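Written out below as structure tokens is the structure these notes cover.
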Amino acid sequence: MLEVRRLRKTFAGFVAVDDVSLRVSAQAIAAVIGPNGAGKTTFFNLITGHLKADSGTVLLEGRDITGAPPHRICRMGIGRSFQRTNIFARLSVFENIQAALLAHQGHGRNFWSRSEDFYRDEANALLASVGLEEKARTEAGTLSYGNQKQLELGIALASEPRVLLLDEPTAGMSARETHETMHLLERIAGERKLTLLFTEHDMEVVFGIAQRIAVFYQGRLLAEGTPHEVRADREVRRIYLGAAA
Ligand SMILES: Nc1ncnc2c1ncn2[C@@H]1O[C@H](COP(=O)(O)OP(=O)(O)OP(=O)(O)O)[C@@H](O)[C@H]1O
Ligand SMILES: [Mg+2]
Numbered sequence: 146m147l148e149v150r151r152l153r154k155t156f157a158g159f160v161a162v163d164d165v166s167l168r169v170s171a172q173a174i175a176a177v178i179g180p181n182g183a184g185k186t187t188f189f190n191l192i193t194g195h196l197k198a199d200s201g202t203v204l205l206e207g208r209d210i211t212g213a214p215p216h217r218i219c220r221m222g223i224g225r226s227f228q229r230t231n232i233f234a235r236l237s238v239f240e241n242i243q244a245a246l247l248a249h250q251g252h253g254r255n256f257w258s259r260s261e262d263f264y265r266d267e268a269n270a271l272l273a274s275v276g277l278e279e280k281a282r283t284e285a286g287t288l289s290y291g292n293q294k295q296l297e298l299g300i301a302l303a304s305e306p307r308v309l310l311l312d313e314p315t316a317g318m319s320a321r322e323t324h325e326t327m328h329l330l331e332r333i334a335g336e337r338k339l340t341l342l343f344t345e346h347d348m349e350v351v352f353g354i355a356q357r358i359a360v361f362y363q364g365r366l367l368a369e370g371t372p373h374e375v376r377a378d379r380e381v382r383r384i385y386l387g388a389a390a
């Protein structure tokens with residue numbers, strides 16, 4: 146579904162992503178892990194077009210999308226959420242979803258309806274899908290942290306991605322919120338036949354749901370494999386997982 150070949154990115158001579166090659170199969174749930182500064186977010190930004198690679202190639206279903214602008218890559222089917230939240234705090238939950246649907250689909254279809262009716266059914270369906278139907282009228286800025294992340298997921302889904310990149314989807318969540326969110330992600334990925342690629346520091350989450358794990362270290366891909374293979378990898382244990390796994 147997604148293939149990255151020898152991707153490289155430097156910032157003023159500092160190598161943030163160092164010749165990384167990786168393939169993600171259709172409908173896989175894959176995690177990218179590694180210590181702070183390992184290059185995970187940069188790697189995502191290169192895939193989604195938010196950063197330009199120095200060299201290397203990104204292929205979506207075999208099609209070269211390297212260097213395309215973010216909105217085009219989004220339209221081609223790669224959605225994302227950000228490590229820092231990306232919602233309109235003063236709008237309601239419903240309006241946030243509505244805005245995302247409008248941004249993706251344009252207003253043509255609902256030209257004659259009142260603005261509050263724009264994509265009403267689609268927005269309600271998305272809210273139900275991420276478990277926020279009861280918060281539809283709540284001002285987004287007042288949501289709990291976990292609920293904000295659910296909303297972000299809804300916003301990302303509004304662009305109907307086939308591949309979804311999630312940068313630390315459970316950062317800052319309580320143990321219960323983390324558990325619920327990962328459950329939700331698994332369900333949605335299954336229902337929508339998504340290919341899911343996520344970064345995460347919580348190893349319980351990673352080893353709980355990822356089918357494949359890529360380990361980054363100082364910009365390099367240190368190891369890639371099943372959770373079992375990665376846990377058994379001596380380099381990974383020495384450098385990153387240590388006693389934790
Ligand atoms: N725009 C930038 N300009 C200069 N250096 C950058 C820039 N973005 C990232 N870096 C550097 O590149 C390296 C990789 O950063 P990145 O944010 O990709 O790491 P990460 O694996 O996502 O870390 P974390 O787990 O803390 O989110 C870091 O050393 C960071 O300081
Ligand atoms: Mg990061």
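Using my numbering, the letters of the sequence shown correspond one by one to residues 146 to 390.
Where is the CB? At the ideal position from N, CA and C, for every residue including glycine.
All values derive from a computational prediction rather than experimental measurement.
For residue i, the first and last residue of its enclosing alpha helix (DSSP H)
{"i": "K294", "result": "290-302"}
{"i": "G353", "result": "348-354"}
{"i": "D266", "result": "265-274"}
{"i": "R220", "result": "215-220"}
C-alpha gap between residue i and residue j, whole angstroms
{"i": "M221", "j": "P306", "result": "8 Å"}
{"i": "S237", "j": "L330", "result": "23 Å"}
{"i": "R471", "j": "V149", "result": "The shown model of the chain, from 146 to 390, leaves out residue 471, and the question about it has no answer."}
{"i": "K294", "j": "V375", "result": "28 Å"}
{"i": "D209", "j": "V203", "result": "6 Å"}
{"i": "A390", "j": "D262", "result": "Any reading at A390 needs caution, since the residue's pLDDT is 49, under 50, leaving its predicted position unreliable; the model's value is listed next. If you take the alpha carbons of A390 and D262, they lie about 50 Å apart."}
{"i": "L341", "j": "G158", "result": "31 Å"}
{"i": "F188", "j": "I218", "result": "15 Å"}
{"i": "E336", "j": "A273", "result": "13 Å"}
{"i": "R282", "j": "F239", "result": "6 Å"}
{"i": "E369", "j": "K280", "result": "39 Å"}
{"i": "L191", "j": "A320", "result": "31 Å"}
{"i": "P180", "j": "E278", "result": "36 Å"}
Residues near residue i by beta carbon distance below 7 Å, same chain, minus five either side
{"i": "L367", "result": "V360, F361, E380, V381, I384"}
Other residues of its chain near residue i: CB distance less than 6 Å, five sequence neighbours each side excluded
{"i": "Y264", "result": "Q243, L246"}
{"i": "G364", "result": "V160, A161, V162, D163, G184"}
{"i": "T344", "result": "V177, K185, D312, E313"}
Distance between beta carbons of residue j and residue i, contact taken as under 8 Å
{"i": "R225", "j": "L296", "result": "Actually they do not touch by this definition, with Cβ atoms about 15 Å apart."}
{"i": "L205", "j": "L147", "result": "6 Å"}
{"i": "V350", "j": "T323", "result": "6 Å"}
{"i": "I178", "j": "I358", "result": "6 Å"}
{"i": "I174", "j": "A355", "result": "6 Å"}
Endpoints, beta strand (DSSP E) assigned at residue i
{"i": "L339", "result": "It is not in any beta strand (DSSP E) - L339 carries neither H nor E in the DSSP assignment."}
{"i": "I358", "result": "357-362"}
Reduced DSSP category for residue i - H, G, I as helix; E, B as strand; rest coil
{"i": "T155", "result": "strand"}
{"i": "I232", "result": "coil"}
{"i": "G251", "result": "coil"}
{"i": "T186", "result": "helix"}
{"i": "E380", "result": "helix"}
{"i": "G286", "result": "helix"}
{"i": "D262", "result": "helix"}
Beta-carbon proximity list for residue i, same chain, < 8 Å, skipping 5 on both sides
{"i": "G212", "result": "G194, K197, A198"}
{"i": "N241", "result": "I232, F233, A285, L296, G299, I300"}
{"i": "M318", "result": "Y290, G291, K294, T326"}
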